[in-house]
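**Q**
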Amino acid sequence: MPHRTVVPSQAVLAIIILSLIAAAPAPAGERDKVRKPRLGLRATPRFSFTPSTVLVTAELNGGDDAEEFYCPAVVWEWDDGGRSANESDCPPFQPGTPVERRFTAVHAYVRPGVYNVRVHMLRASRRLAMASATVTVRGMGDSPGE
């Protein structure tokens, strides 16, 4: 009996090639790429009268839970000469450890003004992210047009 060679059709061959490509690992540069979260800041209330206590919430949105954003220092600049900082005491990072994504602080404004509150997220003295929010504080006798 003569020897027969079976040649797959072009469609079958294309499916085999595509499945091999899909199964191949991503190049090292793409595999290691970390999607950075975005830092947002909101203030409550945004408009008030003196004296005013404002709650600010900084939140990391999206991105990966990467070591870079694990246990950061958070510095609040209140735009009235005040500044606050928070550094956590965290255990060493382990892959799969969730990143804290919400940070809050409270600040009292005693003078009327428009304040640009800023939050800086730092790791080893290097700035990771910054966000800002505006707070308007009016005096009790201020009219809306002032």
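Heads up: the sequence shown at position 105 corresponds to 146 in this note's numbering, and the numbers run straight through without jumps.
Glycine residues also receive a C-beta, built at the ideal position from the N, C-alpha and C atoms.
On a predicted model such as this, the values are computed, not experimentally measured, just so you know.
Is it buried or exposed for S93, if we count other Cβ within 10 angstroms and need 16 for buried?
**A** Stepping through the sequence shown from its first residue, residue 93 is reached at position 52. When all chains shown are included, S93 counts as buried.
**Q** Identify which residue in R167, R179, M162 and L101 has its Cα closest to the Cα of R125.
**A** Taking the sequence shown and counting its residues from 1, one reaches residue 125 at position 84. What sits at residue 125 in the sequence shown is Ser, not Arg. Closest by alpha carbon: M162.
**Q** Could you check whether V178 and Y156 sit closer than 8 Å to each other, using their CB atoms as the reference points?
**A** Start at 1 with the first residue of the sequence shown, and residue 156 comes out as number 115. Start at 1 with the first residue of the sequence shown, and residue 178 comes out as number 137. The answer is yes: Cβ separation under 8 Å.
**Q** Is the beta carbon of V115 sitting closer than 8 Å to the one on V160?
**A** To locate residue 115, count along the sequence shown from 1; it is residue 74. To locate residue 160, count along the sequence shown from 1; it is residue 119. In this structure, V160 lies closer than 8 Å to V115 by Cβ.
**Q** Drop a sphere of 10 angstroms on the beta-carbon of A165, count the other beta-carbons inside from all chains shown, and report buried for 16 or more, exposed for fewer.
**A** As a working note, residue 165 is residue 124 in the sequence shown. The residue in question, A165, is exposed, as its Cβ has fewer than 16 Cβ neighbours within 10 Å.
**Q** With burial defined as no fewer than 16 other Cβ atoms inside 10 Å of the residue's Cβ, what is the status of L96: buried or exposed?
**A** What you label residue 96 is simply residue 55 of the sequence shown in a count that begins at 1. L96 comes out exposed.
**Q** Whole angstroms are fine: how far does the CA of E128 sit from the CA of P153?
**A** Along the sequence shown, read from residue 1 onward, the residue named residue 153 stands at position 112. Along the sequence shown, read from residue 1 onward, the residue named residue 128 stands at position 87. Answer to the nearest angstrom: the Cα atoms are 30 Å apart.
**Q** Thinking C-beta only, is T138 closer than 8 Å to Y111?
**A** In the sequence shown, counting from the first residue as 1, residue 111 sits at position 70. In the sequence shown, counting from the first residue as 1, residue 138 sits at position 97. Yes.
**Q** Quick one: using the 10 Å Cβ neighbour count with 16 as the cut-off for buried, is P136 buried or exposed?
**A** The count along the sequence shown starts at 1 and reaches residue 136 at position 95. That one is exposed.
**Q** Quick check: the Cα distance between R79 and N102, rounded to an integer number of angstroms?
**A** On the sequence shown, position 38 is the one that residue 79 refers to. On the sequence shown, position 61 is the one that residue 102 refers to. Going from the Cα of R79 to the Cα of N102 covers about 5 Å.
**Q** Suppose the cutoff is 8 Å on Cβ atoms and the five residues either side in sequence are ignored; what does the same chain contact list for S173 look like?
**A** Here residue 173 is taken as the residue at index 132 of the sequence shown, counted from 1. Once the five neighbours on either side are set aside, the close Cβ partners of S173 are L82, N157, V158, R159 and V160.
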